[in-house]
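What follows is one structure encoded as structure tokens, with my remarks underneath.
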Amino acid sequence: MKVDYLIVGSGLAGLMLCEQLRARGKSFVVVSNTSQQASIVASGLYNPVVLKRFNLAWNADQHIPVALSTYEKLEAYLGLKIDDQRPIYRIFNSIQEQNNWFLACDKPKLHQFLVPKIIEYNNLNIRAPHGYGQVKYTGRVDTKLLLDSYRNHLKSKDLFIEDTFDYSKLDVKKEIAYKEITAKKIIFAEGFGLKQNPFFNTLPLEGTKGELLIVHAPELKLDVILKSSVFVIPIGEDNYLVGSTYAWNDYSNTPTQTAKNEILKKLQKLISCSFEVVRQRAGIRPTVVDRRPLVGQHHIHKNLFVLNGLGSRGVLIAPTVARDLIAFIEDRTPLSMEIDIKRFRA
-5 MKVDYLIVGS
5 GLAGLMLCEQ
15 LRARGKSFVV
25 VSNTSQQASI
35 VASGLYNPVV
45 LKRFNLAWNA
55 DQHIPVALST
65 YEKLEAYLGL
75 KIDDQRPIYR
85 IFNSIQEQNN
95 WFLACDKPKL
105 HQFLVPKIIE
115 YNNLNIRAPH
125 GYGQVKYTGR
135 VDTKLLLDSY
145 RNHLKSKDLF
155 IEDTFDYSKL
165 DVKKEIAYKE
175 ITAKKIIFAE
185 GFGLKQNPFF
195 NTLPLEGTKG
205 ELLIVHAPEL
215 KLDVILKSSV
225 FVIPIGEDNY
235 LVGSTYAWND
245 YSNTPTQTAK
255 NEILKKLQKL
265 ISCSFEVVRQ
275 RAGIRPTVVD
285 RRPLVGQHHI
295 HKNLFVLNGL
305 GSRGVLIAPT
315 VARDLIAFIE
325 DRTPLSMEID
335 IKRFRA
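Okay, structure coming up:
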């Protein structure tokens, strides 16, 4: 098989690379064992505002329009509804937080995303004596549905090989040669699996384990995304995603009782109605020490590239950074030093 690109990894980063290549008419094939669960177990939440301190998330004003357009196109391409756009209501814990909200609303890059008033949301099952602040241009992408559907689509076109990538079978001397595949270029989008990659494993990728719960709460009747010490996201049929946790010393995809107890304790402080835990999910987020993605070209092998380190805001930033990497390769458009892996080389 001869293709323009070999993509290693089929999480959100890999999918966005495929979409960029498809739009340019480039041929590609994906190799992935789907062992990395970060994209599938993620909440899928996209939100332009850091709601702990009421700051704009990194380049969110640039990422939001690209993300919304990309998911709209994917819905049309796959014939699926994957983007559930709905506002986030941030619960205020004090009068001081209300005041800080209004100060944030006046900031030039924030005012387009924040509603400059205190929202009264009459849901007696939620403890919010100080009201809410509303964030716009937010929602949830059903990442599991998206990735499962996209992988099946690729399989139907013989463009997906479900297998563990064997680095010992990769020849990068001239063209890329891997088993029966010959490619002009290869892009690694492996998530935390990058730690095993002999070409890019010196990059400072860290793993942060995240866990969330799916709960069934028939009385809650929540029609917005709720954010306090945890988020609560409606996913239909009176079910809600609740989370998430951050753990830095556990690199397994196995759910833990400790994380479950932490989420339940916070949820019980937030809502007063009864609920039942339906499921628990866990995965390793690929994060970087400076909280910016890892994007770029190998310093020796010029036909090897990487896209990684999307962290907890992958749904928001993946479309933009995938676009930027393909533009760098195909059009020689320089990468921003904020994301270029050259920033970690002396």
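Numbering (our numbering), first residue to last: -5 to 340. We treat Cβ as the ideally placed atom computed from N, Cα and C, and that holds for glycine. Given the structure is predicted, the values throughout are model-derived calculations rather than measurements.
Cβ pair phenylalanine 182, glycine 3 closer than 8 angstroms:
Taking a C-beta distance under 8 angstroms as the contact criterion, phenylalanine 182 and glycine 3 qualify as a contact pair.
Whole angstroms are fine: how far does the CA of tyrosine 126 sit from the CA of proline 42?
Looking at the two C-alpha atoms, the distance is approximately 17 angstroms.
Please classify glutamate 205 as buried or exposed, where buried requires at least 16 neighbouring CB atoms within 10 angstroms.
Buried is the call here.
With 16 as the cutoff for other CB atoms within 10 Å, does glycine 133 come out buried or exposed?
Residue environment analysis places glycine 133 among the buried positions, since at least 16 neighbouring C-beta atoms fall within 10 angstroms of its C-beta.
Run the CB neighbour count on tryptophan 95, radius 10 Å, all protein chains shown included, and call it buried at 16 or more, exposed below.
Tryptophan 95 counts as buried, since no fewer than 16 other beta carbons sit within 10 angstroms of its beta carbon.
Please identify the residue among Phe193, Ile175, Thr196, Ile257 whose C-alpha is closest to the C-alpha of leucine 207.
Of all alpha-carbon atoms in Phe193, Ile175, Thr196, Ile257, the one lying nearest the alpha-carbon of leucine 207 is that of Ile257.
Specify, as a first and last residue, the run of the alpha helix (DSSP H) that proline 313 falls within.
Note, proline 313: alpha helix (DSSP H), 308 to 325.
Compare the C-alpha of lysine 296 against each of Asp152, Lys178, Ala122 and name the closest.
Restricting attention to Asp152, Lys178, Ala122, the CA atom closest to the CA of lysine 296 is found in Lys178.
Closer than 8 angstroms, CB to CB, is glutamine 90 near chain D or not?
Of the protein chains in the structure, only one exists, and it is not chain D.
CB-CB length for proline 420 against phenylalanine 322, believed under 8 angstroms:
The requested residue 420 does not occur in the structure, where the chain is confined to residues -5 to 340.
Is the separation between the beta-carbon of valine 224 and that of valine 271 shorter than 8 angstroms?
8 angstroms or more divides the Cβ of valine 224 from the Cβ of valine 271.
Since lysine 138 is in the alpha helix (DSSP H), which residue starts that stretch and which ends it?
Bounds of the alpha helix (DSSP H) holding lysine 138 are 137 to 150.
DSSP state of serine 330, grouped into three classes?
Coil at serine 330, not helix or strand.
What does a CB cutoff of less than 8 angstroms around methionine -5 pick up in its chain, not counting 5 residues either side in sequence?
The residues are Val23, Glu174, Ile175, Thr176.
From the DSSP output, in three-state form, read off glutamine 106 for me.
Reduced to three states, the DSSP call for glutamine 106 is coil.
Collapsed DSSP secondary structure at lysine 178 in the structure displayed:
In this structure, lysine 178 counts as strand in the three-state DSSP scheme.
Since glutamine 27 and serine 266 are thought to touch, with beta carbons under 8 angstroms apart, how far apart are those beta carbons, to the nearest angstrom?
What sits at residue 27 in the sequence shown is asparagine, not glutamine. At roughly 44 angstroms, the Cβ-Cβ gap does not stay under 8 angstroms, so asparagine 27 and serine 266 are not in contact.
Assign isoleucine 89 to one of two classes, buried (16 or more other C-beta atoms within 10 Å of its C-beta) or exposed (fewer than that).
Per the 10 Å Cβ criterion, exposed.
Cβ contact check for the region 151 to 170 and the region 56 to 74: 3 or more pairs under 8 angstroms
As far as the Cβ criterion goes, the region 151 to 170 does not touch the region 56 to 74, which means the pair count is below three.
Just list the beta strand (DSSP E) runs in the region 48 to 101, keeping only unbroken ones of 3 residues or longer that don't cross its boundaries, in chain order.
Fully enclosed beta strand (DSSP E) runs of 3 or longer: 77 to 79, 82 to 85.
By DSSP's criteria, lysine 44 is part of a beta bridge. Which residues make up the other side?
Looking at the sequence itself, residue 44 is valine, so the reference to lysine does not match. Answer is Asn49.
Quick one: Cα of lysine 341 to Cα of leucine 108, how far?
Because the chain in this structure spans residues -5 to 340, residue 341 falls outside the shown range and cannot be described.
Under the rule that 16 or more other beta-carbon atoms within 10 Å means buried, what is valine 44, buried or exposed?
It is exposed - the Cβ of valine 44 has fewer than 16 other Cβ atoms within 10 Å.
Return the residue from the list Arg47, Ile180, Phe193, Leu139 that minimises the CA-CA distance to histidine 293.
The option with the nearest alpha carbon to histidine 293 is Phe193.
Please list, in chain order, all residues of the same chain as threonine 64 whose beta carbon is under 6 angstroms from its beta carbon, the five residues on each side excluded.
Cβ within range, chain order: Pro313.
Express the C-alpha separation of glycine 277 and alanine 36 in angstroms, rounding to a whole number.
Inter-residue distance for alanine 36 and glycine 277 is about 8 angstroms (C-alpha atoms, whole angstroms).
Are the Cβ atoms of isoleucine 341 and proline 81 separated by less than 8 angstroms?
What the structure shows of the chain is the stretch from -5 to 340, and residue 341 is not part of that stretch, so it cannot be assessed.
Beta bridge counterpart(s) of glycine 127 as assigned by DSSP
Bridge partners of glycine 127: Arg84.
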